[in-house]
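Take a look at the structure below.
Residue numbers (this note's numbering): 27 to 275.
Put into structure tokens, the structure is as follows:
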């Protein structure tokens, strides 16, 4: 079996006296599409930042593509795409300036894909030359997604990527995620509070509770295992919402 793309061992993270992650172990294999679920405040964003080396650990270790995240090479960084919950874009730049800036950082930048996504997602000439700070929240989030997809990453980490999108924008993003990313065998870690979106994308789910991954597995298997038996017969099918409430309560 090949080594996991993401390997987190005994990871701990504190904010003052608050324990966010506590002795967390998590492995993700190449090609997995996994949804990360947890209650608000469970630490999902912190977990994603730790696995990418964006937050210093208080304990444990994280390896990404076999490298310590505290000392990732430029080549390994170029294999990763990340959409944070807050876009984090340079608001004084225009979208065109931003994309040109990041293009210089990624040898595998796919200009054809970028142009197609800009057109498909409604970025006209006026929007492309407007300061990012003057774009709507949904427009900024679409731009953040385009930036993350532009270099055809081998690992894509998405933290609530559709939170600012309207239903049409969510549908377009999920279609691109399935057809343009997952079909290529990209490893995807996807956090969202919209369970129906996760069901359309993720094959596996992991639940974060009390600072640890408390349950992980193929979504269909977990739902089937949660049904249980009543009088020798299987109970009614369990929804992901039912499972979420049961595991995280």
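Yeah, the Cβ is synthetic: ideal placement off N, Cα and C, and Gly gets one too.
Predicted model, so just to flag it, every value in this text is computed and none were measured.
Point to revise | residue 213 classed as buried or exposed, judged by whether at least 16 other C-beta atoms fall within 10 angstroms | key: For this step, residue 213 is matched to residue 187 along the chain shown. Flag for residue 213 reads buried.
Check your understanding: Which runs of the alpha helix (DSSP H), 4 residues or longer, sit entirely within the stretch 187 to 264?
Key -> 193 to 202, 221 to 227, 245 to 251
Exercise for review: Have a look at residue 259 and residue 143 and give me their C-alpha separation to the nearest angstrom.
Suggested key: The residue given as residue 259 occupies position 233 in the chain shown. The residue given as residue 143 occupies position 117 in the chain shown. Its pLDDT being 48, under 50, residue 259 is placed unreliably in this model, and the coordinates cannot settle the point.
Practice item. Leaving aside the five residues before and after residue 54 along the sequence, list all residues of the same chain whose C-beta is less than 7 Å from its C-beta, in chain order. Key: Locating residue 54 in the chain shown gives position 28, where the first residue counts as 1. Excluding positions up to five away in sequence, the list reads 30, 31, 32, 60, 213, 215.
Review point. What do you reckon, are the CB atoms on residue 50 and residue 74 nearer than 7 Å?
Key: Taking the chain shown and counting its residues from 1, the one referred to as residue 50 is at position 24. Taking the chain shown and counting its residues from 1, the one referred to as residue 74 is at position 48. Result no, Cβ atoms of residue 50 and residue 74 do not sit closer than 7 Å.
**Study point:** Sequence-distant residues of the same chain with beta carbon closer than 6 Å to residue 134, five excluded per side
**Key:** Translated into the one-based positions of the chain shown, residue 134 becomes position 108. Here the set comprises 177, 178.
Practice item. Let me know the secondary structure DSSP gives residue 92 once reduced to three states. Key: Stepping through the chain shown from its first residue, residue 92 is reached at position 66. Three-state DSSP puts residue 92 in coil, outside helix and strand.
Check your understanding: Residues in its own chain within less than 6 Å of residue 242 by CB, not counting five upstream and five downstream?
Key -> Counted from its first residue, the chain shown places residue 242 at position 216. Only 232 meet the Cβ criterion.
Review point. Which one of 194, 211, 251, 85 has the shortest CA to CA distance from residue 223?
Key: In the chain shown, residue 223 corresponds to position 197, counting from 1. Closest option to residue 223, Cα to Cα, is 194.
**Study point:** Buried versus exposed call for residue 220 [16 or more other C-beta atoms within 10 Å across all chains shown]
**Key:** Residue numbering aside, residue 220 sits at position 194 when the chain shown is read from its first letter. Classification of residue 220: exposed, given that the 10 Å Cβ count is below 16.
**Study point:** Spatial neighbours of residue 168 in its chain, beta-carbon cut-off 6 Å, leaving aside the 5 residues before and after
**Key:** Walking along the chain shown from the start, residue 168 turns up at place 142. So the list reads 147, once near-sequence residues are dropped.
Point to revise | Straight-line gap, residue 149 to residue 165 (C-alpha atoms, nearest Å) | key: Here the question's residue 149 lines up with position 123 in the chain shown. Here the question's residue 165 lines up with position 139 in the chain shown. Rounded to the nearest angstrom, the two C-alpha atoms are 8 Å apart.
Exercise for review: Could you check what DSSP says for residue 153 in three-state terms: helix, strand or coil?
Suggested key: In the chain shown, the residue the question calls residue 153 occupies position 127. Residue 153 falls in the helix class under three-state DSSP.
Point to revise | Nearest-angstrom Cα separation, counted from residue 163 out to residue 170 | key: The residue labelled residue 170 in the question sits at position 144 within the chain shown. The residue labelled residue 163 in the question sits at position 137 within the chain shown. For residue 170 and residue 163, the distance between alpha carbons rounds to 11 Å.
Review point. Ordered along the chain, which non-local residues of its own chain (more than five positions away) have a Cβ less than 6 Å from that of residue 257?
Key: Residue 257 sits at position 231 when you count from the first residue of the chain shown. In this predicted model, residue 257 has a pLDDT of only 43, less than 50, meaning its place in the structure is not dependable enough to derive any value.
Practice item. Could you pull out every residue in the same chain whose Cβ sits closer than 6 Å to the Cβ of residue 211, ignoring the five residues on either side in sequence? Key: Position 185 of the chain shown, counting from 1, holds the residue named residue 211. Same-chain partners within the cutoff: 57.
Review point. Going straight from the alpha carbon of residue 91 to that of residue 100, what length do you get?
Key: On the chain shown, residue 91 is found 65 positions in, with the first residue counted as 1. On the chain shown, residue 100 is found 74 positions in, with the first residue counted as 1. Rounded to whole angstroms, residue 91 to residue 100 spans 12 Å at the Cα level.
Point to revise | Environment of residue 107 [buried if 16+ CB atoms lie within 10 Å] | key: In the chain shown, counting from the first residue as 1, residue 107 sits at position 81. Per the 10 Å Cβ criterion, buried.
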